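The numbering of the sequence shown is my numbering, which starts it at 347 and goes up by one.
What follows is a short report on a single structure.
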Amino acid sequence: MRVHILDDGTFVTDAGNLFGGSRKASIKGAMHPVLVEAGDDLVLIDAGFGPELPELLVGRYELNRDENLLDHLDDAGYAAEDVTHVILSHLDADHVGWALGPPNFPSATVYVQEAALEEARQMPEKDGRRAAVPEVEKGVEEGWCELLDDDGEILPGVRVEVRSGHSAGHQIVWIGDSDVAALYTGDLAPAKIWLDPDLIAGVDTDPEAARRNRIEVLSEAESRDAPVILYHEPEDCLVRVRSKGDSFEAVPIGN
Ligand SMILES: [Zn+2]
Numbered sequence: 347m348r349v350h351i352l353d354d355g356t357f358v359t360d361a362g363n364l365f366g367g368s369r370k371a372s373i374k375g376a377m378h379p380v381l382v383e384a385g386d387d388l389v390l391i392d393a394g395f396g397p398e399l400p401e402l403l404v405g406r407y408e409l410n411r412d413e414n415l416l417d418h419l420d421d422a423g424y425a426a427e428d429v430t431h432v433i434l435s436h437l438d439a440d441h442v443g444w445a446l447g448p449p450n451f452p453s454a455t456v457y458v459q460e461a462a463l464e465e466a467r468q469m470p471e472k473d474g475r476r477a478a479v480p481e482v483e484k485g486v487e488e489g490w491c492e493l494l495d496d497d498g499e500i501l502p503g504v505r506v507e508v509r510s511g512h513s514a515g516h517q518i519v520w521i522g523d524s525d526v527a528a529l530y531t532g533d534l535a536p537a538k539i540w541l542d543p544d545l546i547a548g549v550d551t552d553p554e555a556a557r558r559n560r561i562e563v564l565s566e567a568e569s570r571d572a573p574v575i576l577y578h579e580p581e582d583c584l585v586r587v588r589s590k591g592d593s594f595e596a597v598p599i600g601n
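Below, the structure is given as structure tokens:
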């Protein structure tokens, strides 16, 4: 099994968009979808913003990139049609872009938790999650999208686990067998600053679950000594975590 950390550029947004309130600070994030070579299968975990910044976010987010996810996929030696499985941690626009509306992976099944879809249906009209609903429903109807209703193994060595909080039905991914597992945390702990269990985003729909799940998952990552892939971390997106008081710190893993 081989794992590539890909790239779909970086974004800059007002901190208020992530933390709530009206802080006058900007925050930068990267997008690092993950590609897993698993025998004859090729699994992509999360799918960036897509070809361009979604209409809904224009003016609130700035997207910067010279190369996009498909370019980086190409650098890794693969074409879009080689991808056989796409796992979406949840339905926010910065995670589903290349996978939905329209889908860019013609051979892939896209995996979404049913609870994430159900929550997205309840979101306000202009919410990014809500915008993904028609695409997912179309995918289910056409047979390229599969709804999951709990933890499960997508392929041997690629296991999703529901860890809600940031959204309902938010799923993380354990990659590898029990000895050499890597962890993809999605937006449960998407960057180094988010390793602090008390730092809860204004956009988390269940802050208490986010906090509890972050502590449980990062504790497990530490006890398994698992490399952790941080989707939104602009620097050092591959780390190990160590507990420090009531929080966790990141120990970068060199290239
Ligand atoms: Zn995100």
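Note that beta-carbon positions come from the ideal geometry of N, C-alpha and C, so glycine has one too.
In this text, all values refer to a predicted model and were calculated from it rather than measured experimentally.
Rounded distance between the beta-carbons of residue j and residue i, thought under 8 Å
i    : j    : result
R475 : A461 : So it is not a contact: roughly 12 Å between Cβ atoms.
R505 : N559 : In fact, because the Cβ distance is near 16 Å, the residues do not count as touching under 8 Å.
A556 : I546 : 6 Å
V358 : L390 : V358 to L390, Cβ: 25 Å. No contact.
L501 : H431 : 7 Å
CB contact flag (residue i, residue j, <9 Å)
i    : j    : result
A537 : P580 : yes
V382 : L388 : yes
H512 : D550 : yes
G394 : E464 : no
L442 : E492 : Contrary to the premise, residue 442 reads as Val rather than Leu in this sequence. Taking 9 Å as the Cβ cut-off, V442 and E492 do not qualify as a contacting pair.
I530 : W520 : One detail in the question is off: residue 530 reads as Tyr in this sequence, not Ile. Yes, the Cβ-Cβ distance between Y530 and W520 is below 9 Å.
Q517 : I433 : yes
Y407 : L419 : no
P573 : R586 : yes
A454 : W490 : yes
A478 : G447 : yes
D360 : A376 : no
Identified DSSP bridge partners for residue i
i    : result
N410 : T356
I575 : Y530, L584
S593 : K590
L390 : L381, V432
Y457 : I433, E492
S565 : None, per the DSSP bridge assignment.
P598 : V585
G405 : G405 is not bridged to any residue.
A376 : T356
H350 : L381
Could you tell me whether the region 467-486 touches the region 429-441, using the rule of 3 or more Cβ pairs below 8 Å? Enough Cβ pairs lie closer than 8 Å, so yes.
Beta strand (DSSP E) runs wholly inside the region 426-453, at least 3 long, in chain order: 431-433
In the region 479-558, which residue ranges form an unbroken beta strand (DSSP E) of at least 3 residues, counting only runs that do not cross its ends? Whole beta strand (DSSP E) segments, 3+ residues: 491-494, 498-501, 504-508, 517-521, 528-530.
Please determine if the region 562-579 and the region 587-597 are in contact, where contact requires at least 3 C-beta pairs separated by less than 8 Å. Between the region 562-579 and the region 587-597 there are three or more inter-stretch CB-CB distances shorter than 8 Å, so the stretches are counted as touching.
Counting pairs of beta carbons, one from the region 348-361 and one from the region 412-423, are three or more of them closer than 8 Å? yes
For the region 417-424 against the region 479-499, are there 3 or more C-beta pairs whose distance is under 8 Å? no
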